[in-house]
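Protein chains in written order, with the working numbering: chain P, 150 to 274; chain E, 150 to 274. Backbone N, C-alpha and C define an ideal beta-carbon position, used for all residues, glycine too. Taking it in order: structure first as structure tokens, then the write-up.
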């Protein structure tokens, strides 16, 4: 498989894993430190099998890994796939920044206009 | 619906839309300018209905919009959802940067070690 297709499959798996609020919340929880399946199941009011299913998706995407402790198997976050996803999205940064640059100039124009009007009113008095 | 859940649904839709190589390729194509369904179908060797299905997913996620020309309806990229997705991923930047910082220090240590060894060898001569 070529480098491009490996990277493309990685992106498929990463974005699919991130397209779910529970899985995003699990990552947010793991960002504050490793946790066992039990630890993770608690705040979500979900059964262990339901959480395990989400963990499997995150694990297959390489977004989490299992710790060495065979009893507890704490999960921890793995950021490499997020870095790749970030690089992909960053290519489009120009599109949202141009838009916000335009908004900035518009706001500036409106501000100048308001000031001009205020000055005129002041002079009329 | 709360602001958080609207934002969460937006992220679900954005990440799900990005989890497909054809849809990412369509966005890449639209980044270089607007294009009609016909224009988009050509390079992908896909039928128009197949492309239209992908366009619908991108459109529902707000990642593309239709131009005003009623005959051609050219699609163009809409970057706002990408900005939101970028902001979500950026929260985890520390995780991949720490890792690469560690790698940097490791490489530096190895370089110093190599230099020390080389100096020792030089002295022995």
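Out of P/264, P/210 and P/161, the CA that lies nearest to the CA of residue 229 of chain P is found in P/210. Proximity of residue 232 of chain E to chain P, defined by a Cβ-Cβ separation below 7 Å, is satisfied.
The alpha carbon of residue 172 of chain E has as its nearest neighbour, out of E/183, E/159, E/213 and E/161, the alpha carbon of E/213. Between the alpha carbons of residue 236 of chain P and residue 268 of chain P lies a gap of roughly 48 Å.
CA-CA distance, residue 162 of chain P to residue 189 of chain P, rounds to 22 Å. In the structure shown, the three-state DSSP call for residue 184 of chain P is strand. In this structure residue 185 of chain P touches residue 221 of chain P by the C-beta definition: roughly 5 Å separates them, less than 8 Å. Using beta-carbon distances, residue 238 of chain P counts as an interface residue toward chain E, with a partner under 7 Å. Taking the Cα positions, residue 217 of chain E is about 8 Å away from residue 223 of chain E. With respect to chain E, the C-beta atom of residue 256 of chain P has no partner C-beta closer than 7 Å.
When only Cα atoms are considered, residue 196 of chain E and residue 205 of chain E end up about 14 Å apart. Within the same chain, and ignoring the five residues on either side of residue 166 of chain E in sequence, the residues whose Cβ sits closer than 6 Å to its Cβ are 172, 206, 207, 210 and 212.
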